[in-house]
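J.: Note that the protein sequences, when read in sequence, are chains A and B. Numbered per this note's numbering, the first sequence spans residues 293 to 444. Numbered per this note's numbering, the second sequence spans residues 293 to 444.
Number of protein chains: 2
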Amino acid sequence: MDRVPPTLTPQLDVDVPDEGLSIGEAAAAVGLSVQTLRYYEREGLLLDPTSRRSNGHRRFHRNDLDWLAGLVMLRETGMPIADIRKVAALSRTPGTEKQRLEAFERHREAVVAQLKRTQEHLAALDTKIAAYRAYAVSEEETIHDQQPPAST
Amino acid sequence: MDRVPPTLTPQLDVDVPDEGLSIGEAAAAVGLSVQTLRYYEREGLLLDPTSRRSNGHRRFHRNDLDWLAGLVMLRETGMPIADIRKVAALSRTPGTEKQRLEAFERHREAVVAQLKRTQEHLAALDTKIAAYRAYAVSEEETIHDQQPPAST
DNA sequence: GCTTGACCTATAGCGCGCTATAGGTTGTCT
DNA sequence: AGACAACCTATAGCGCGCTATAGGTCAAGC
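#1: Could you check which residue in 399/B, 397/B, 355/B has the C-alpha nearest to that of residue 339/B?
#2: Note down, in chain order, every chain A residue with its Cβ under 8 Å from the Cβ of residue 383/B.
#3: Leaving out five residues before and five after residue 424/B in sequence, what residues of the same chain have Cβ atoms less than 7 Å from its Cβ?
#4: Is residue 345/A helix, strand or coil when you go by DSSP?
#5: Determine the direct distance from the alpha carbon of residue 418/A to that of residue 409/A, and round the result to whole angstroms.
#6: Kindly examine the ligand COA and report whether one of its heavy atoms sits closer than 7 Å to the Cβ of residue 325/B.
#7: Roughly how many angstroms separate the alpha carbons of residue 336/B and residue 307/B, rounded to a whole number?
#8: Please compile the residues from chain A whose C-beta is within a distance smaller than 9 Å of the C-beta of residue 403/B.
#9: Per the DSSP calculation, residue 351/B is bridged to which residue(s)?
#10: Please determine, among 385/B, 350/B, 380/B, 349/B, the residue with the shortest C-alpha to C-alpha distance to residue 364/B.
#11: Could you give the residue range of the alpha helix (DSSP H) that holds residue 306/B?
#12: From residue 315/B to residue 347/B, what does the alpha carbon distance come to, in whole angstroms?
#13: Quick check on the DSSP output: the alpha helix (DSSP H) that includes residue 406/A runs from which residue to which?
#14: Answer yes or no: does any C-beta atom of chain A fall closer than 8 Å to that of residue 426/B?
#15: According to a CB-to-CB cut-off of less than 7 Å, which residues of the stretch 347-378 of chain A neighbour chain B?
#16: Using a beta-carbon distance below 8 Å, is residue 341/B in contact with chain A?
#17: For residue 303/A, which residues in chain B fall below 7 Å Cβ to Cβ?
Here it is, written out as structure tokens:
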């Protein structure tokens, strides 16, 4: 009844004032450390050189934050820095939309495979846990007619 | 109709002859390199010292393979070597079943959280892909009434 | 006026998980 | 007999992704 329509882009609900966020605020918003954020910039993972205030301090605006959220998504799904650098380079170059799409599609396949693998592993883990729980119960009841689970 | 009942323990369908497998065969069976397998042994991740033939070559038996499968599962779901070492130590010590169970349960929670995070990331990735696809279509039709997706 | 804290650059260091190399033995095949 | 492949030990090295350190600027608050 009070279902909310699926959000279509935000993926980051932090409001960014017009003057932008400091690096500390931006880092906190996307879940990175300040040094990692600077490191990412040095590595060429940001879309364009971060804008600066007169004192040289970085300012992160809405679009920076959106890009960062995507960057974090790619990293946390296992895309290496080097690959993200390529994606960033493409994203700076007009007319490369198709290549970007292909890069994302390839990565998607990797993520799906990884998900599947992890789900299988989770099932195996659950089996193991179930065996130990069964043993724990038999112990409690001092039944002792059960061997401890095979240590596998 | 020809559904197979869910397998309850195997997780590794390779038949192990009585005389066991060589390290090369064992590594192939669980998807590790020979050196990684030796490395794991050195790091104390194996249940007990691998048995040897008269010539000093390692032999891996069924129970070794089962343990290895579990080890690979733990590694691939992100458990650090150091933690696996602790689990191995517990598994060598009788009466530690409860602690093992707790370790597995804790790890399970981590895996579930990780799965959830990855699924959210996948959704974000799909949104991005959808945007690029929509753009690709509009391009094809030479409609050109659409901006390329925001590079986020 | 002085301290504090957040920012800045540049560069060095590190933890993790392998991976590679050197040097050797053993067993099998031609 | 010689070559090869697979194994062995011991140890060094490396790629990745940060993380820490040194030394400095600047603005705000006491």
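Ideal Cβ placement from N, Cα and C applies to all residues, glycine included.
T.: Let me lay it out:
#1: 355/B
#2: 443
#3: 441
#4: coil
#5: 14 Å
#6: For the structure depicted, the ligand COA is absent and the ligand set is empty, with no information on it obtainable.
#7: 25 Å
#8: 410, 413, 414, 417
#9: 343/B
#10: 380/B
#11: Segment: none, residue 306/B is in no alpha helix (DSSP H) and carries neither H nor E.
#12: 13 Å
#13: 389-432
#14: no
#15: 355, 358, 359, 362, 365, 368, 369
#16: no
#17: 416
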